[in-house]
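Be aware that the sequence shown starts at 1283, since it is given in the working numbering, and climbs by one per residue.
For every residue, glycine included, the Cβ atom is placed at its ideal position computed from N, Cα and C.
Values in this document were obtained by computation on a predicted structure and should not be read as measured data.
For reference, the structure discussed in these notes is given below.
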Amino acid sequence: MIMQPINNSYDVVIVGARCAGAATAMLLAELGLRVLVFDKSRLGSDTVSTHALMRPAVLLLNRWGVTDRLEEEGTPRIERTAFLYADDHGSEAVEVDIKPRHGVDALYAPRRTVLDRVLAEAAREGGADVRHGVQMLDLLRSRAGRVSGVVLRDESGDVREVQAGLVIGADGRRSKVAQLVGATPYVWGRYATSCAFGYFRNLPVDGNRWYYRPGMGVGAIPTNDGQTLLFAAVPEDFASGSAAERGGTFVRVIGDSAPDIGPRLRAAERVGKLRFFPGMRGFLRQPWGEGWALVGDAGYMSDPITAHGITNALRDADILARTIGYGGDLADYQMARDDLSLKFFEISDRVASYDWDIPTVQQYHRMMSQEMNREEEAMVAMESASASAA
Ligand SMILES: Cc1cc2nc3c(=O)[nH]c(=O)nc-3n(C[C@H](O)[C@H](O)[C@H](O)COP(=O)(O)OP(=O)(O)OC[C@H]3O[C@@H](n4cnc5c(N)ncnc54)[C@H](O)[C@@H]3O)c2cc1C
């Protein structure tokens, strides 16, 4: 496809075109705004992230017509979740079928190579100008100091200026937009989980399986191409030591936490390398200012141990687009985001501390479930309110 040059000006320019950026671009373009969304990475490239989606994410993806496409791409439906707890005193399994509600009757864990691409394609079909291999270098400002656009390096390597009514940073946890506007965190997590993950053939699992033992957590999650995503999380730094040592720790944590998976690992075939994440404390940053806003991890990162970052990113894309589309105040976006985030963030941080015994982590899981129900109801209520206002 021959790409037209990037225009000189747009209503909204979005830096970062993965789940947060692509979803925001799709929603704003569908509201009739002229939107440019770009990413320095390649369309369909991977990123260091596992990808279990929670109910509020599936609710939004259903509403946006994206779930069907994920299924067409071979993303399996996940119809049950098991929480498997064990310590030196014994073990307990809590198995939950996904209850059909608000049109959600299954969960999904699409590979990021699939989810982010499908969302970028939906943004393009919605009317957004979607570019990959394009990097933001700096922000433009008006004389009064308002952010008024970006300096970017385009696909052909040319550096140019693009004006925008609003610049949105969807550029991830190390957001350059946040750094340039001075959006510092006002809430910090105290703990950070380190984890390793990989993909396996010949290791089928029945739904999501989350394993908890004091000091460690493991997940086994069905994903695309008939593969199972296995991850192991520990409080110390997984990324230190040689590759063989880290691989050994991965196998040991799986064996200690997941007795039904460990013995099957030998017969399973690992596809690709193990990937490691050293851990990073979560935060909430000021998500808006004069001419700019932040969405996704750029504005709010929670510890991966509770697998909620993509759900947050899609949810906040929805809230931000509604706020902009209906001419609201960006302070309302921040208020809604924080209302739905702060309690979950605190629970995530406590889980990431690993300073718990099994009854305590079970209590955290019940609290998380309540927060996710509240989040789901809020998504439904916002849609009803928009429908009645239209
Ligand atoms: C190990 C790990 C496991 C995780 N597991 C889960 C899970 O199971 N479920 C879940 O929901 N969440 C999980 N998360 C969290 C999830 O990965 C993030 O919340 C999610 O990726 C946030 O999406 P985003 O679009 O905000 O940012 P990102 O996915 O980080 O995308 C940001 C994009 O911005 C681009 N960018 C950055 N700077 C520029 C620039 N200057 N110019 C152009 N482009 C730029 C980058 O190339 C990148 O593609 C996990 C995270 C980690 C680290």
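Confirm the yes/no value for this check: CB of Ala1595, any heavy atom of ligand 1, distance under 7 Å.
yes
When Ala1549, Val1376, Gly1356 and Ile1587 are compared against Ala1633, the one with the closest alpha-carbon
It should be noted that the sequence gives Val, not Ala, for residue 1633. Nearest of Ala1549, Val1376, Gly1356 and Ile1587 to Val1633, Cα basis: Ile1587.
On the three-state DSSP scale, how would you describe Lys1555?
strand
Under three-state DSSP, which class holds Glu1658?
For Glu1658, the three-state secondary structure derived from DSSP is helix.
For Gln1461, is the beta carbon positioned less than 7 Å from some heavy atom of ligand 1?
Not a single heavy atom of ligand 1 lies less than 7 Å from the C-beta of Gln1461.
When the Cα of Pro1287 is compared with those of Phe1532, Ser1438 and Val1396, which residue comes out closest?
Residue Ser1438 holds the alpha-carbon nearest to the alpha-carbon of Pro1287 among Phe1532, Ser1438 and Val1396.
When DSSP labels each residue in this structure, what does Gly1272 get in the three-state scheme?
The chain is shown from 1283 up to 1672; residue 1272 falls before or after that span and cannot be answered.
Sorry if obvious, but does the Cβ on Leu1313 come closer than 7 Å to a heavy atom of ligand 1?
no
How would you write the range of the alpha helix (DSSP H) that Leu1309 sits in, first residue to last?
Cys1301 to Glu1312
Can you tell me whether DSSP reads Asn1490 as helix, strand or coil?
Under the three-state reduction of DSSP output, Asn1490 falls in the strand class.
Please state the DSSP three-state secondary structure of Arg1393.
coil
Taking its Cβ as the centre, do 16 or more other Cβ atoms sit within 10 Å of Gln1645, making it buried, or is it exposed?
exposed
May I ask whether a heavy atom of ligand 1 can be found less than 7 Å away from the beta carbon of Phe1520?
For Phe1520, the shortest C-beta to heavy atom distance toward ligand 1 is 7 Å or greater.
If you measure from the CB of Met1418, is any heavy atom of ligand 1 nearer than 7 Å?
Indeed, a heavy atom of ligand 1 lies less than 7 Å from the Cβ.
Is it buried or exposed, Asn1484, if we count other Cβ atoms within 10 angstroms and call 16 or more buried?
exposed
Enumerate, from N- to C-terminal direction, the unbroken beta strand (DSSP E) stretches of 3 or more residues contained entirely within the stretch 1393–1433.
1411–1414 and 1417–1423, all fully within the stretch 1393–1433.
Give me, in chain order, the residues of the same chain whose beta-carbon lies closer than 6 Å to that of Asp1411; leave out the 5 immediate sequence neighbours on both sides.
Leu1318
Tyr1292 - containing alpha helix (DSSP H), residue span
Boundaries for Tyr1292: no alpha helix (DSSP H) harbours it, while the beta strand (DSSP E) harbouring it runs Ser1291 to Val1297, taken from the DSSP string.
Would you identify the three-state DSSP class for Asp1350, choosing helix, strand or coil?
In the structure shown, Asp1350 sits in a helix (DSSP, three-state: H, G or I).
For Tyr1493, which option in Ala1514, Phe1479, Thr1510 and Met1664 has the closest C-alpha, if you only look at C-alpha atoms?
Tyr1493 has its Cα closest to that of Ala1514, out of Ala1514, Phe1479, Thr1510 and Met1664.
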